[in-house]
Amino acid sequence: MGRPLDDAGLDTIFRTARSYNGYTDAPVTQDDIRRIYELTKLAPTSVNQQSARFVWCTTPEAKETLASLASGSNPDKIRKAPATVIIGMDLGFHEHLDWLFPHAPGARDWFPEESRRDHALRNSSLQGAFLIVAARALGFDTGPMSGFDNAKVDEAFFSDQPGVKSNFICTLGHGDPSTIHDRLPRPEFERFNRVV
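Here the sequence shown is numbered in the UniProt record's numbering, starting from 1 and rising by one per residue.
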């Protein structure tokens, strides 16, 4: 059974954590990326399908390619971040279920083609959310975003894997507090919740 986090832990992950628009010059190393992934991969997914595919853009060339495919203020955010990760979704996730879900032989047959996109989107989104929590837990800040041309990102970064499609992207680093705005409203419990 898990133990509750103390207030400092809850602050780090939730209460004082923010989505950053800019970062300091502190790097995000290969070791940092691996540490984040080692936590991210523990996200719950349907039958452990692990449908997310991650591309970590850390070089100026990769960041520039990605920035050129983004819209609004996102290109500058990508260029200035130490790293930006593309969270993709593998529509062929079922092909890996023999080893990812070995106690149910034939699990790959549970996902007919017409249902795979929904499952891949849902579960890669869960993994992307865990990536944000993992990064925060390890002392990093994030800036998740849409606002990019999915088809062009797929062509640029997943052309060798035609079954993989981009879901969303997320900048990563040590946040610059001057780049965030006041926290936006969050609804009180009664507005969007019912206990039945």
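Positions of the beta carbon are idealized from the N, C-alpha and C atoms, including for glycine.
Local Cβ density within 10 Å of residue i, reported as buried at 16 or more and exposed below that
i, result
"residue 138", "exposed"
"residue 131", "buried"
"residue 9", "exposed"
"residue 173", "buried"
"residue 124", "buried"
"residue 195", "exposed"
"residue 175", "buried"
"residue 42", "exposed"
"residue 66", "buried"
"residue 32", "buried"
"residue 59", "exposed"
"residue 45", "buried"
"residue 134", "buried"
"residue 104", "exposed"
"residue 116", "buried"
Cβ distance (whole Å) where residue i is taken to contact residue j below 8 angstroms
i, j, result
"residue 128", "residue 81", "Actually they are not in contact, since the Cβ atoms of residue 128 and residue 81 sit about 16 angstroms apart, beyond 8 angstroms."
"residue 108", "residue 98", "7 angstroms"
Cβ pair residue i, residue j closer than 9 angstroms
i, j, result
"residue 90", "residue 120", "yes"
"residue 85", "residue 54", "yes"
"residue 5", "residue 50", "no"
"residue 179", "residue 21", "yes"
"residue 167", "residue 88", "yes"
"residue 78", "residue 12", "no"
"residue 136", "residue 17", "yes"
"residue 147", "residue 26", "no"
"residue 164", "residue 83", "no"
One or two residues paired with residue i in a DSSP bridge
i, result
"residue 37", "DSSP, once it has assigned bridges, lists no residue as partnering residue 37."
"residue 168", "87"
"residue 1", "Residue 1 is not bridged to any residue."
"residue 141", "173"
Subject >> contact_flag[the segment 91-105, the segment 139-153] where n(CB pairs < 8 angstroms) is 3 or more >> reply: no
Original post:
How about the segment 154-166 and the segment 28-46: do they share at least three Cβ pairs that are nearer than 8 angstroms?
Top reply: no
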